[in-house]
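Engineer: Chains as they are written, first to last, in this note's numbering: chain A, 1 to 175; chain B, 1 to 175. Structure below; questions to follow.
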């Protein structure tokens, strides 16, 4: 079966700070023409940081698009040209104040492949040392230590609903 | 600690078919002013459909934003004013040809709360009956039966990277 869709024309309809949006005319696999609206984003990194075998570092952060303070694992955007293997270390330290001496890549996820190219690289961080946090300008957050069993309970009962956090738990702890 | 950010002004920078994009001036929790770019999306539904205790229905679908044919659980956008409890039934039948007599809600996820308000409602569907698929106009996809153990292996080895699929497996099967 043929699935591919071919780009015919592309128009940048928004060129912003953290994303661009394009509207493309495409030829669908069935030969018909249609439009696709695509958000282009730099992607990011997600860190499952284990303080010990039962304790995970979480952060609480206000997420403006959903108007909620979200309990999630440390994560952040890739900077221009930045390698994910470096970004994960930067983000963990910025958001929690910890450095880790053991890093294990857990692959990547696509958060919304229907309309967005965002790709998040997941990592497990272990053997942690506290060096003091220094969040990004304008980033107000709290780092919190939680029992892994509590995090899993909160995922199950719907108190944790952040997709990247669920994915990191699944890839890093539950498979 | 105060986390909230207050909207000062809002400008719609793109008003499209499946999304709108707004650029808001906000007052951060620390009192400073900044901008937030937000993608507004209608959200959708995600279905973990179990044919039996060991078999799950998956779909293969080309995802234009990432230029890949993606192996994922059945899912789709909410139509204007549509209830997720109805949309999950519609999407399962459209994409796989199956109806289910047992539905269990698995809560929701936020796919990218840093810049997008997309919310996906997850469901487990059981007691399936085949009635014949009829995909959306322009939606070219294949429904595939897979062993749950194979799906988990593919999540682990990085062949399945779709966030909503990982979240559905975690909420519905792995916790």
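Glycine residues also receive a C-beta, built at the ideal position from the N, C-alpha and C atoms.
Is there at least one Cβ from chain B nearer than 8 Å to residue 163 of chain A's Cβ?
Structural biologist: Along the first chain, one-based indexing puts residue 163 of chain A at 163. True, the Cβ-Cβ gap to chain B drops below 8 Å.
Engineer: May I ask you to list, following chain order, the residues of the region 20 to 39 of chain B that have a beta carbon less than 9 Å from some beta carbon of chain A?
Structural biologist: So the list reads 21, 23, 24, 26, 28, 29, 30, 32, 34, 35, 36, 37, 38, 39, given in the order they occur along the chain.
Engineer: Residue 10 of chain B: buried (16+ other C-beta within 10 angstroms of its C-beta) or exposed?
Structural biologist: Within the second chain, numbered from 1, the residue matching residue 10 of chain B stands at position 10. The residue is exposed, with fewer than 16 neighbouring Cβ atoms inside 10 Å.
Engineer: Going by other Cβ atoms of all chains shown within 10 Å of its Cβ, with 16 needed for buried, is residue 41 of chain B buried or exposed?
Structural biologist: On the second chain, position 41 is the one that residue 41 of chain B refers to. Buried, since its Cβ has 16 or more Cβ neighbours within 10 Å.
Engineer: Got a sec: which bits of the region 99 to 118 of chain B sit with their beta carbon under 8 Å from any beta carbon on chain A, in order along the chain?
Structural biologist: If the cut-off is 8 Å between Cβ atoms, the region 99 to 118 of chain B has 107, 108, 109, 110, 111, 112, 113, 114, 115, 116, 117, 118 near chain A.
Engineer: Can you find the residues in the same chain that come closer than 6 Å, C-beta to C-beta, to residue 38 of chain B, ignoring five residues on each side of it along the sequence?
Structural biologist: For the purposes of this step, residue 38 of chain B is identified with residue 38 of the second chain, where counting begins at 1. The residues are 22.
Engineer: Could you tell me the boundaries of the alpha helix (DSSP H) in which residue 166 of chain B lies?
Structural biologist: Looking up residue 166 of chain B in the second chain gives position 166. Here the alpha helix (DSSP H) through residue 166 of chain B covers 163 to 169.
Engineer: Per DSSP, what kind of secondary structure is residue 150 of chain B in: helix, strand or coil?
Structural biologist: Position 150 of the second chain, counting from 1, holds the residue named residue 150 of chain B. Residue 150 of chain B: helix per DSSP, three-state reduction.
Engineer: Below 7 Å between beta carbons is the criterion; list the residues of the region 128 to 162 of chain B that meet it against any residue of chain A, in chain order.
Structural biologist: Against chain A - using a Cβ distance shorter than 7 Å - the residues of the region 128 to 162 of chain B are 138, 140, 142, 152, 155, 156, 158, 161, 162.
Engineer: Assign residue 42 of chain A to one of three DSSP states: helix, strand, or coil.
Structural biologist: The count along the first chain starts at 1 and reaches residue 42 of chain A at position 42. Residue state, collapsed to three classes: coil.
Engineer: Which of helix, strand or coil does DSSP assign to residue 108 of chain B?
Structural biologist: As a first step, residue 108 of chain B must be located in the second chain, where it is residue number 108. Strand at residue 108 of chain B.
Engineer: Any beta-carbon of chain A closer than 8 Å to the one on residue 169 of chain B?
Structural biologist: Taking the second chain and counting its residues from 1, the one referred to as residue 169 of chain B is at position 169. Interface residue, yes.
Engineer: Hey, does residue 58 of chain B have any beta-carbon neighbour from chain A nearer than 8 Å?
Structural biologist: The count along the second chain starts at 1 and reaches residue 58 of chain B at position 58. Output row for residue 58 of chain B: interface = no.
Engineer: What does the alpha-carbon distance come out to for the pair residue 58 of chain A and residue 114 of chain B?
Structural biologist: Looking up residue 58 of chain A in the first chain gives position 58. Looking up residue 114 of chain B in the second chain gives position 114. Rounded to the nearest angstrom, the two C-alpha atoms are 16 Å apart.
Engineer: Just list the alpha helix (DSSP H) runs in the region 15 to 86 of chain B, keeping only unbroken ones of 4 residues or longer that don't cross its boundaries, in chain order.
Structural biologist: Whole alpha helix (DSSP H) segments, 4+ residues: zero.
Engineer: According to the Cβ coordinates, are residue 110 of chain A and residue 162 of chain B closer than 8 Å?
Structural biologist: Working through the first chain from its first residue, we reach residue 110 of chain A at position 110. Working through the second chain from its first residue, we reach residue 162 of chain B at position 162. In contact: residue 110 of chain A and residue 162 of chain B (Cβ atoms closer than 8 Å).
Engineer: Buried or exposed, going by whether 16 or more other CB atoms sit within 10 Å of the CB of residue 151 of chain A?
Structural biologist: Walking along the first chain from the start, residue 151 of chain A turns up at place 151. Classification for residue 151 of chain A: buried.
Engineer: What three-state label does DSSP hand residue 175 of chain A in the structure shown?
Structural biologist: Sequence index remark: in the first chain, residue 175 of chain A carries index 175 (1-based). Residue state, collapsed to three classes: coil.
Engineer: Quick one: Cα of residue 127 of chain A to Cα of residue 93 of chain A, how far?
Structural biologist: Position 127 of the first chain, counted from the start, is the residue given in the question as residue 127 of chain A. Position 93 of the first chain, counted from the start, is the residue given in the question as residue 93 of chain A. Taking the straight line joining both Cα atoms gives about 13 Å.
Engineer: Could you work out which residues of chain A lie near residue 69 of chain B, taking near to mean beta carbons separated by less than 9 Å?
Structural biologist: Position 69 of the second chain, counting from 1, holds the residue named residue 69 of chain B. Going along chain A in sequence order, the residues near residue 69 of chain B (Cβ under 9 Å) are 3, 4.
Engineer: My understanding is that residue 88 of chain A touches residue 131 of chain A, with C-beta atoms under 8 Å, so please give their C-beta distance in whole angstroms.
Structural biologist: On the first chain, residue 88 of chain A is found 88 positions in, with the first residue counted as 1. On the first chain, residue 131 of chain A is found 131 positions in, with the first residue counted as 1. Not confirmed; about 15 Å, so no contact.
Engineer: Are the region 153 to 172 of chain B and the region 70 to 89 of chain B touching by the rule of at least three beta carbon pairs closer than 8 Å?
Structural biologist: The region 153 to 172 of chain B is in contact with the region 70 to 89 of chain B.
Engineer: Interface residues of chain B around residue 175 of chain A at Cβ under 8 Å?
Structural biologist: Numbered from 1 along the first chain, position 175 holds the residue referred to as residue 175 of chain A. The answer, in chain order, is 152, 155, 156, 174.
Engineer: With 16 as the cutoff for other CB atoms within 10 Å, does residue 116 of chain B come out buried or exposed?
Structural biologist: As a working note, residue 116 of chain B is residue 116 in the second chain. Result: buried.
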